[in-house]
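In full-length UniProt numbering, the protein residues as written are 1 to 694. Just so it is clear, CB atoms sit at the ideal spot from N, CA and C, and this is done for glycine as well. Shown next, in C-alpha cells, is the structure this report addresses.
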Amino acid sequence: MAKYLVIVESPAKVKTIKKFLGANYGVAASNGHVRDFPKSQFGIDVEHDYEPKYITIRGKGDILANLRKEVKKAEKIYLATDPDREGEAISWHLMEALKLSGKKVYRITFNEITKTAVKESLKHAREIDMNLVDAQQARRMLDRMVGYRISPLLWAKVKRGLSAGRVQSVALRIICDREEEINAFIPEEYWTLDAAFQIPGERKPLIAKYYGEQDTKRILKTAAEVEAVKKDCEKAEFQVSDVKKGERIKKAPLPFTTSTLQQEASKVLNFSTQKTMRLAQQLYEGVDIKGNGTVGIITYLRTDSTRVSEEAENMARSYITEKYGEQYAGEGTVKKGGQKIQDAHEAIRPTDVARTPLEIKESLSRDQFRLYQLIWKRFMASRMTPAKYETTSVKIDGNGHRFTVAASKVIFDGFMSVYTMDDEDKAENRTLAKSIDKDTKLSLKEFDGEQHFTQPPAHYTEASLVRTLEELGIGRPSTYAPTITTILARHYVIKENKNLYVTELGEVVNKMMKEAFPTIVDVNFTANMEALLDGVSEGTVDWKTIVSNFYPDLEEAVQNAEKELEEVKVGDEESDEVCELCGRRMVIKYGPHGRFLACPGFPECRNTKPYYEKIGVACPKCGKDIVLKKTQKGRKYYGCIGNPECDFMVWQRPSNEKCPVCGSILLEKGNKLVCSKEGCGFVKEKEKEENGQG
1 MAKYLVIVES PAKVKTIKKF LGANYGVAAS NGHVRDFPKS QFGIDVEHDY
51 EPKYITIRGK GDILANLRKE VKKAEKIYLA TDPDREGEAI SWHLMEALKL
101 SGKKVYRITF NEITKTAVKE SLKHAREIDM NLVDAQQARR MLDRMVGYRI
151 SPLLWAKVKR GLSAGRVQSV ALRIICDREE EINAFIPEEY WTLDAAFQIP
201 GERKPLIAKY YGEQDTKRIL KTAAEVEAVK KDCEKAEFQV SDVKKGERIK
251 KAPLPFTTST LQQEASKVLN FSTQKTMRLA QQLYEGVDIK GNGTVGIITY
301 LRTDSTRVSE EAENMARSYI TEKYGEQYAG EGTVKKGGQK IQDAHEAIRP
351 TDVARTPLEI KESLSRDQFR LYQLIWKRFM ASRMTPAKYE TTSVKIDGNG
401 HRFTVAASKV IFDGFMSVYT MDDEDKAENR TLAKSIDKDT KLSLKEFDGE
451 QHFTQPPAHY TEASLVRTLE ELGIGRPSTY APTITTILAR HYVIKENKNL
501 YVTELGEVVN KMMKEAFPTI VDVNFTANME ALLDGVSEGT VDWKTIVSNF
551 YPDLEEAVQN AEKELEEVKV GDEESDEVCE LCGRRMVIKY GPHGRFLACP
601 GFPECRNTKP YYEKIGVACP KCGKDIVLKK TQKGRKYYGC IGNPECDFMV
651 WQRPSNEKCP VCGSILLEKG NKLVCSKEGC GFVKEKEKEE NGQG
C-alpha cells in the first residue's frame, strides 16, 4: 500500500508521475482550484481587515472527499501543484480544505514532467511559500474588487451581462487607443526613386536607391520633386564615390518565454494565444510516445524567464557538436535586464533535445507536432553561434545627388541552419558585381519613381497585443491568453484576418471606464500594481497594504459613478421605424452585439430588426441614405442603406462635402477631412461648427 501521497493539479499528470515514483507513492489530482470566492457574495470582509471568505468550488466536493480518504492513509503528503504563484496558492488552499496542519506536508515543484525532475524534486521538498500565496491572493482580491463592484454598473448602463476586469479593461483601452490613432491618421505622400546604372563590362544593371544630396538624406514628397531630381541627373556623370565592405553578425534568438511563444506561434503557425497555451499544456503534461509511454516533452509553459539549466545547456551543446560540428555550438544569447522576471523558472524548451520533432511526429497530433517543432528549433538555435554576413555598401554620386545600394550575403549560417525568424534572410542574401570599386564610372540607364503614402499604425493582433502588454508590464505569463479570450467572448473586440477591431459595445464600455474609473484603465497604474505584487512574492510588501489602499478609492469611484450613471441612464429610445406587424413605433434596444430595433408590444409582438443609424449624408453612388453598419463580427463601417443593390462602403465616417480636386466624397479623420479617393491626397481642416458637433 502507498505510504506517500503526491497531489497534482491535472489528472493528465497522474499516470505519468505514478509510473516515475513506483509502488510506495499514490498520486491524485485536485483538478485545479478547489476553493474560491462565493459567486453570490463579494467574499471580502472589508470591515475586518479585508479577510477573504473562501468556499469549496461547486462540483469539487467529491474530489475533496476522495482526497481526504487518501490523506488519512498517507504518512507524508507532497503537494506538487504547478511551479508558479497560482500553483503555490492551490497548494495552500488544499492544505486548508483538507485540514492538513499537523500532518507531514511538503511542497515540491518541477519545471518538467520527467523521471529525473520529479525524483529530484522530492529531495528538495520545502514548506509552502506564503509570500507567493499572498501575492496570488492579493491579485485575486484586486480582480474580484474590480469585477464585483464595476460589472453591475456596466450592466445598469448597457443593459446586459457585461464585465470589467483589472487587466481586461486596460487591454481593451490599449486596443481602443490604437483604433483612435488609426482613425485620426492622415496619410502623407512620399516618393521613392530607383536608378538603374550600367557597370562597364557587366550585363546586369545595378539598381540603386535615391539617398539625397551628397551627405544629406532627403525624402521626396511630390512628383514635382522627383521630376526635378531626374532632370538634374539626365546629363550628369556618375561614379562610385565609396565602397565599404564589412562583416556583421546576427545573434541567435533567445529561447521562448510564454509571451514570445504566443507571438511566434501566432505569426508562424497562425495559432490564437488560447490554442497555443492549450497545446503547450498537453506537451508539458505528457504525450504518449511510442516505446516510452507518457512523457512530458517540454518544460513548464508559464514563464517569463529565458534562463536555461546547466544540465539542459550541456545536453544541447553535445547534441549540436555531434550533429552540426563544434563551430555551431554557441554560448547562448543572454537577455539584458529589464522587467521583473520570475527566474525560478526556465525558458520553454524540450525536456530532451535528442527527442527530435521528426522522431516523435507519429505520436503527436498535427498541431502538437507543429508547436513542438517550433519550440525545439528555437531552443536549439538559442544555443548556437551567431550567423555571419559579409556586407557591401556602395555610394554613387552625380551632379550633387547621391544614390546608394547595399548587399549582404551569409558567410556562416550559424543558428540559421536550424531556425530562421522571417523572410528577410532570403532578401538579404545578395551580392554585388565584383567589378565595382571606388571611382568606377557608371552610365545612367533609366529611373523608376513610385508614389507611396505613409501608413497608419497597424491594428493590434493577438501577438502584438501580448508583446505590448509584456512591454508595459501588464499582466503575467498566465494572464495573456485568458485576457484576450475574455474581451473576445464579451464581444468588446472582434478578430478579422488576425486583426483585432473594437466593436460599438467595446467603445461604450471603454468610454465609461475612462470617465468613471480612470485609474483602473491607466496603463502605468496597472503596471505599478504588478510591481507591487512582485514585491509581495519577494516578501518586501505586505499584501493587505495593497488591498486596503486600493479598495477605498475604488469604492469612492463606484459611488460617484452610480450617481452620475443614474443621471445618464436612458430608457428605450423611440425610432421613426413603424412595426410592420402591429403598427407601433419601434424602439432602439441594446443587445450583446450592439443596438437593434424591437417592437415595444413585446411579448404580444416579437418583431425585431437591425438598427441602422442614419448619418445625414447621401450615398455618392445612388443618393440614398448612408447608415452606420456593422460587419458580421461587429466591426463598424458606413454603407448605403440600399445594399445589396448599391455597394458603397467606407470605414471612416463620410461628410457632406465633396473633394474640390476630384469630386469624391470627403471622410472624417480626427479634426480633418480627407479625400476618399486613393492617390488624391486632398486634406482640409474641419469647420469649427463640425468640430463642436464631433
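Cross-strand partners of residue i (DSSP beta bridge)
i           : result
Leu374      : For Leu374, which the question treats as bridged, DSSP gives no partner whatsoever.
Pro610      : Phe596
Trp191      : Leu220 and Gln451
His401      : Glu213 and Gly398
residue 703 : Since the displayed the chain opens at 1 and closes at 694, residue 703 lies outside it and no answer follows.
Ser30       : Note: Ser30 sits in no beta bridge, so no partner.
Leu444      : Phe197
Leu673      : Glu668 and Lys684
Arg248      : Tyr389
Leu5        : Gly26 and Ile77
Gly639      : Val627 and Met649
Lys495      : Leu500
Pro52       : Ile44
Thr461      : Asn499
Within 7 Å, strictly: CB atoms of residue i and residue j
i           : j      : result
Ser537      : Ala135 : yes
Ile298      : Ile375 : yes
Leu472      : Val521 : no
Val410      : Val243 : no
Gly449      : Ala236 : no
Thr392      : Leu358 : no
Trp191      : Gln451 : yes
Val683      : Ile186 : yes
Met277      : Ala481 : yes
Glu189      : Phe447 : no
Asn34       : Ala97  : Position check: residue 34 holds Val in this sequence, whereas Asn was assumed. A contact, by the Cβ cut-off of 7 Å.
Ser272      : Val466 : no
Val587      : Pro600 : yes
Ser169      : Met513 : yes
Glu346      : Asn560 : no
Asn499      : Thr468 : no
Lys267      : Ala463 : yes
residue 709 : Cys675 : Since the displayed the chain opens at 1 and closes at 694, residue 709 lies outside it and no answer follows.
Val418      : Lys377 : yes
Ile474      : Ala527 : yes
Residue environment, residue i, which counts as buried when at least 16 other CB atoms sit within 10 Å
i      : result
Val27  : buried
Pro83  : buried
Ile63  : buried
Glu678 : exposed
Gly291 : exposed
Ala354 : exposed
Ala458 : exposed
Arg58  : exposed
Glu496 : exposed
Gln263 : buried
Leu283 : buried
Phe379 : buried
Gly246 : exposed
Arg585 : exposed
Leu581 : exposed
Ala228 : exposed
Lys13  : buried
His93  : buried
Tyr328 : buried
Ala516 : buried
Asn510 : buried
Ser30  : buried
Any non-hydrogen atom of the ligand PLP within 6 Å of residue i CB
i      : result
Tyr501 : In terms of ligand content, the structure shown is empty, and the ligand PLP therefore cannot be addressed.
Examine the Cβ distances between the stretch 320-327 and the stretch 124-140 and report whether three or more of them are shorter than 8 Å.
-> no
Counting only runs that start and end within the stretch 288-319, where is the beta strand (DSSP E) found for 3 or more residues in a row?
-> 293-295
Identify every run of the alpha helix (DSSP H) within the stretch 109-134, keeping only runs that are complete inside it and at least 4 residues long; order them along the chain.
-> 115-123
Do three or more CB pairs link the stretch 541-551 to the stretch 32-52 at distances below 8 Å?
-> yes
Three-pair Cβ contact test at 8 Å for the stretch 136-151 versus the stretch 617-633 | no
Can you give, in chain order, each stretch of the alpha helix (DSSP H) that sits fully within the stretch 516-582 and has at least 4 residues?
-> 523-538 and 543-568
Cβ contact (3+ pairs, closer than 8 Å) linking the stretch 112-123 and the stretch 9-29 | yes
With a cut-off of 8 Å, do at least 3 Cβ pairs link the stretch 616-629 to the stretch 647-658?
-> yes
Could you say if the stretch 476-495 and the stretch 504-520 meet the contact criterion of at least three C-beta pairs nearer than 8 Å?
-> yes
Does the stretch 173-183 come close enough to the stretch 528-537 that 3 or more CB-CB pairs lie under 8 Å?
-> no
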